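Quick note on the numbering used here: the sequence shown kicks off at 506 and runs consecutively.
Glycine residues also receive a C-beta, built at the ideal position from the N, C-alpha and C atoms.
What you are looking at is a predicted structure, and each value in this text was computed from that prediction instead of being measured.
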Amino acid sequence: MARCGKLIRRALSSTGINQKPRKIISAFLIRDENGQPLSQFALRARVDKARSLVKVDFQFRGIRAKAATDTGDLAHSQKLLAHKNREMTEHYVKSRTGERVRPLR
């Protein structure tokens with residue numbers, strides 16, 4: 506975990522999030538080191554590499570379901586997921602309900 510925190514601090518310092526505003530070098534949100542758009546395949550390769558380095562197994566599609574499940578309010582989850590009917594939200598949230606755990610910090 507300490508390594509993960511170190512990586513996050515390094516990423517924050519290199520992106521300028523904790524610094525003064527910098528000159529805009531690209532209009533792309535997800536870009537490579539040269540300011541060019543990062544392809545879907547390049548992004549996937551980087552995420553896969555990061556997951557293997559920190560030994561974490563997750564999929565991005567699970568984040569959406571987790572966010573909806575964690576609200577604890579089905580009506581709010583339905584709005585969050587933009588479902589037209591409540592049954593779809595019940596299926597989506599119910600199928601992903603698991604044990605809730607506290608964060609490390």
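Per DSSP, the bridge partner or partners of residue i
{"i": "PRO542", "result": "ARG536"}
Three-state class that DSSP yields for residue i in the structure shown
{"i": "ALA587", "result": "coil"}
{"i": "GLU595", "result": "helix"}
{"i": "ASP578", "result": "coil"}
{"i": "SER557", "result": "helix"}
{"i": "VAL552", "result": "helix"}
Separation of residue j from residue i, as counted between CA atoms
{"i": "GLY567", "j": "GLU538", "result": "28 Å"}
{"i": "VAL552", "j": "THR574", "result": "24 Å"}
{"i": "ARG569", "j": "GLN583", "result": "12 Å"}
{"i": "PHE533", "j": "SER557", "result": "26 Å"}
{"i": "SER531", "j": "GLU592", "result": "43 Å"}
{"i": "GLU595", "j": "LYS528", "result": "46 Å"}
{"i": "GLU604", "j": "ALA547", "result": "34 Å"}
{"i": "LEU536", "j": "SER544", "result": "Inspection of the sequence shows that residue 536 is occupied by Arg rather than by Leu. So the alpha carbons of these two residues sit roughly 8 Å apart."}
{"i": "VAL561", "j": "LYS589", "result": "33 Å"}
Where residue i falls, given that 16 or more other Cβ within 10 Å makes a residue buried
{"i": "LYS606", "result": "The question names Lys, but residue 606 is Val in the sequence shown. The residue in question, VAL606, is exposed, as its Cβ has fewer than 16 Cβ neighbours within 10 Å."}
{"i": "VAL598", "result": "buried"}
Span of the alpha helix (DSSP H) around residue i
{"i": "LYS571", "result": "565-575"}
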